[in-house]
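Residue numbers (our numbering), protein chains in the order written: chain A, 26 to 368; chain B, 67 to 401.
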């Protein structure tokens with residue numbers, strides 16, 4: 026065999042394995058599961074795939090997908106944040122309080138995001154510099170935020186919000202493209218898609234983004250190659266605070282009432298999205314795109330149960346099976362790729 | 067070496083030992099608890115009475131029953147987030163099987179036994195997934211947290227079961243020798259688990275697994291079997307907690323035990339068990355449990371709302387770990 030022939034053979038082989046590994050990546054698998062579900066439920070009940078329900082599915086979990094961006098980074102850096110649900114409740118209430126107390130609307134949108142970053146910085150400081158495990162810090166913070174919120178607000182609902190406060194109800198203007206009327210897209214979907222893509226690009230191509238993987242994958246090696254683990258962990262938690270802040274504003278502005286309580290089990294939905302999306306809880310692997318697809322999938326399942334006439338009380342059981350299933354697929358895939366790397 | 071220097075080094079050794087004892091997490095925590103009791107006693111004269119303290123024992127029982135196996139699990143470097151959901155599922159199964167207007171109408175004793183079996187099975191499933199398939203405990207039990215709660219909700223369809231026979235409430239509401247019945251149960255389990263953890267090969271192996279799993283494997287410890295056993299034990303204890311809870315509150319609902327896992331983990335971690343595994347004790351967990359319950363009760367009696375109390379407990383959790391980290395670092399610097 027001549028050298029060029031050999032090289033082209035290697036090249037083709039490489040391309041094949043690369044396209045194979047792309048097809049078996051968590052994101053692509055999730056995408057096909059999502060499409061499969063939609064086709065299956067759609068054929069048994071066509072109303073499921075009606076444009077309006079479709080937008081509802083995307084819109085319903087969009088704020089969870091936004092929070093899952095930060096959570097993915099936290100988990101990739103080998104940490105966890107179980108206080109996100111409480112923080113969304115607190116920041117959402119803060120946003121609503123600012124709006125009804127006569128502050129400019131833009132402040133009620135921006136201040137919660139900055140406050141989120143501040144809380145993230147505090148968590149990051151406790152974890153990175155005072156060396157308290159993140160699960161303990163956020164467990165304590167969960168209690169503090171939850172109890173503090175109800176103590177201060179007394180659980181009173183926030184109503185009479187100004188008319189132009191509702192960021193999440195704003196839609197894109199109707200666009201006609203090639204004679205097709207494109208649907209009006211609610212802003213949470215736009216936030217979800219834009220932020221996810223930005224985060225995915227940043228994590229893939231920036232120095233800091235790559236360093237998060239390094240810290241989560243092998244902290245010792247990261248240290249030896251000159252990465253400051255402390256600074257990375259601070260950065261990760263601050264970004265997490267930012268995305269939680271945005272999620273909180275989207276959550277608060279979607280309805281005309283803010284209940285000023287902590288939505289139950291929200292942290293689990295955020296963590297579930299990240300984990301099902303292929304973010305390994307052992308740190309070091311995963312992307313934000315997968316987390317977004319997982320959040321959409323959860324929303325699609327929830328909606329599907331209604332359309333195929335299954336009691337919504339079974340939703341959580343389905344979610345549990347789904348997490349186990351995706352983790353299993355993930356493990357099998359990783360075993361195979363390790364075997365093929367060795368062979 | 068002369069005898070005087072020998073004596074001197076003996077004295078030094080006992081000095082070091084005293085220091086080491088005082089710096090142990092359990093002792094530091096115990097002192098914190100004493101300070102808390104002192105302050106809370108000033109807040110209300112109803113606080114430091116035998117009646118009140120015994121009554122508080124009732125409220126502590128379910129968390130305590132779950133926190134004991136949680137100590138085992140965290141010492142091995144694992145975690146079990148599904149305990150609250152197992153408790154909910156066991157409660158629903160108990161009510162569903164017994165329900166005189168339901169499909170099964172089993173005798174109550176059989177329903178209780180069956181619900182405990184379900185608890186063990188749930189724990190066994192956790193253990194098998196973790197050991198045989200190799201899924202990390204955090205994800206496994208996160209998934210089963212959703213799964214078991216979902217089963218409880220699916221089976222019950224949000225209907226509660228009430229009107230248990232009078233004798234069934236004895237466990238949750240009665241007293242034995244002047245002490246709430248379920249506290250005897252807790253006491254027995256505390257003693258059993260403390261002995262298992264500190265005095266048996268099985269117990270010491272759990273520390274070895276938490277410190278260095280591979281090393282434990284190479285020294286012939288059946289790591290997989292032991293791991294499956296402690297998760298099954300955790301399931302059993304969650305089932306028992308469900309039994310006590312149903313007996314105390316006289317009804318079954320599918321949302322029972324929501325958030326129980328966080329209370330239990332908080333008590334274990336506050337008690338000095340490292341969340342990374344390898345160290346910890348039952349005594350520490352018990353002190354952690356008592357400290358949290360006394361804070362809740364004492365603050366409530368001093369006029370602080372329940373929600374204000376949660377804030378204090380969260381703060382205490384972080385501060386306690388912070389102080390302990392500081393003390394341990396100082397201690398290791400001295401050595």
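By construction, the Cβ of each residue, glycine as well, lies at the ideal position given by its N, Cα and C atoms.
Residue environment, residue i, which counts as buried when at least 16 other CB atoms sit within 10 Å
i: residue 211/B; result: buried
i: residue 260/A; result: buried
i: residue 170/B; result: exposed
i: residue 26/A; result: With a pLDDT of 44 at residue 26/A, under the threshold of 50, the predicted position of this residue should be treated as unreliable, though the coordinate-derived value follows. Exposed.
i: residue 233/B; result: exposed
i: residue 334/A; result: exposed
i: residue 95/A; result: buried
i: residue 92/A; result: buried
i: residue 276/A; result: buried
i: residue 201/B; result: buried
i: residue 368/A; result: In this prediction, residue 368/A has a pLDDT of 47, which is less than 50 and means its spatial position is unreliable; what the coordinates show is noted afterwards. Residue 368/A should be labelled exposed.
i: residue 213/A; result: buried
i: residue 100/B; result: exposed
i: residue 246/B; result: buried
i: residue 98/A; result: buried
i: residue 299/B; result: buried
i: residue 111/B; result: exposed
i: residue 245/A; result: exposed
i: residue 67/B; result: Only weak support is given to the placement of residue 67/B: the predicted model assigns it a pLDDT of 46, under 50, and the question is left unresolved by the model.
Distance CB(residue i)-CB(residue j) smaller than 8 angstroms
i: residue 339/A; j: residue 216/B; result: yes
i: residue 83/A; j: residue 315/A; result: no
i: residue 92/B; j: residue 334/B; result: no
i: residue 134/B; j: residue 259/B; result: yes
i: residue 197/A; j: residue 219/A; result: no
i: residue 158/A; j: residue 270/A; result: no
i: residue 223/A; j: residue 52/A; result: no
i: residue 301/B; j: residue 185/B; result: yes
i: residue 290/A; j: residue 114/A; result: no
i: residue 208/B; j: residue 343/A; result: no
i: residue 176/A; j: residue 118/A; result: no
i: residue 139/B; j: residue 296/B; result: yes
i: residue 253/B; j: residue 132/B; result: no
i: residue 272/B; j: residue 141/B; result: yes
i: residue 218/B; j: residue 158/B; result: yes
i: residue 151/A; j: residue 108/A; result: no
Boundaries of the beta strand (DSSP E) in which residue i is found, first to last residue
i: residue 200/A; result: 200-202
i: residue 205/A; result: 205-207
Where the alpha helix (DSSP H) containing residue i begins and where it ends
i: residue 78/A; result: 76-85
i: residue 181/A; result: Per DSSP, residue 181/A belongs to no alpha helix (DSSP H) and is neither H nor E.
i: residue 153/B; result: 149-164
i: residue 10/B; result: Outside the shown range of chain B (67 to 401) lies residue 10/B, about which nothing can therefore be said.
i: residue 193/A; result: From DSSP, residue 193/A is part of no alpha helix (DSSP H); its letter is neither H nor E.
i: residue 143/A; result: 130-153
i: residue 325/A; result: 313-332
i: residue 238/A; result: 232-242
i: residue 125/B; result: 116-141
i: residue 363/B; result: 348-367
i: residue 116/A; result: 109-125
i: residue 297/A; result: 291-301
i: residue 255/A; result: 254-277
Chain-ordered chain B contacts of residue i [CB-CB under 7 angstroms]
i: residue 162/A; result: 384
i: residue 340/A; result: 216
Contacts of residue i in chain A (Cβ-Cβ under 9 angstroms)
i: residue 342/B; result: 158
i: residue 358/B; result: None at all; the shortest Cβ gap to chain A is about 10 angstroms.
Residue i: contacting residues in chain B (beta-carbon distance under 8 angstroms)
i: residue 176/A; result: 371, 373, 374, 377
i: residue 300/A; result: 205, 208
i: residue 296/A; result: 208
i: residue 310/A; result: Within 8 angstroms Cβ-Cβ: nothing; residue 310/A doesn't reach chain B, min ~12 angstroms.
Chain A residues whose Cβ lies nearer than 8 angstroms to that of residue i
i: residue 391/B; result: 155, 156, 157
9 angstroms Cβ cut-off: residues of chain B touching residue i
i: residue 171/A; result: 373, 376, 377, 380
i: residue 291/A; result: Going along chain B, no residue has its Cβ under 9 angstroms from residue 291/A, so there is no contact; the nearest lies around 13 angstroms.
i: residue 145/A; result: In chain order: nothing, as chain B lies at least about 16 angstroms away.
Any non-hydrogen atom of the ligand MG within 7 angstroms of residue i CB
i: residue 163/A; result: Questions concerning the ligand MG fall outside what the structure shown contains, since it holds no ligand whatsoever.
Proximal residues of chain A, C-beta to C-beta of residue i below 7 angstroms
i: residue 200/B; result: 356
i: residue 388/B; result: 155, 157
Q: May I ask you to list, following chain order, the residues of the segment 54-67 of chain A that have a beta carbon less than 8 angstroms from some beta carbon of chain B?
A: Taking 8 angstroms as the Cβ-Cβ cut-off, the segment 54-67 of chain A has no residue approaching chain B.
Q) Any residues in the segment 204-230 of chain B with a beta carbon nearer than 8 angstroms to a beta carbon of chain A? Which ones, in chain order? A) Under the 8 angstroms Cβ criterion, the segment 204-230 of chain B contributes 204, 205, 206, 208, 209, 210, 211, 212, 213, 214, 215, 216, 217, 219, 220, 222, 223, 224.
Q. Which residues, taken in chain order from the segment 314-340 of chain B, show a beta carbon closer than 7 angstroms to some beta carbon of chain A?
A. For the segment 314-340 of chain B, which is checked against every Cβ of chain A, the residues closer than 7 angstroms are 328, 331, 332, 335.
Q) Got a sec: which bits of the segment 325-340 of chain A sit with their beta carbon under 7 angstroms from any beta carbon on chain B, in order along the chain? A) Correct list: 336, 338, 339, 340.
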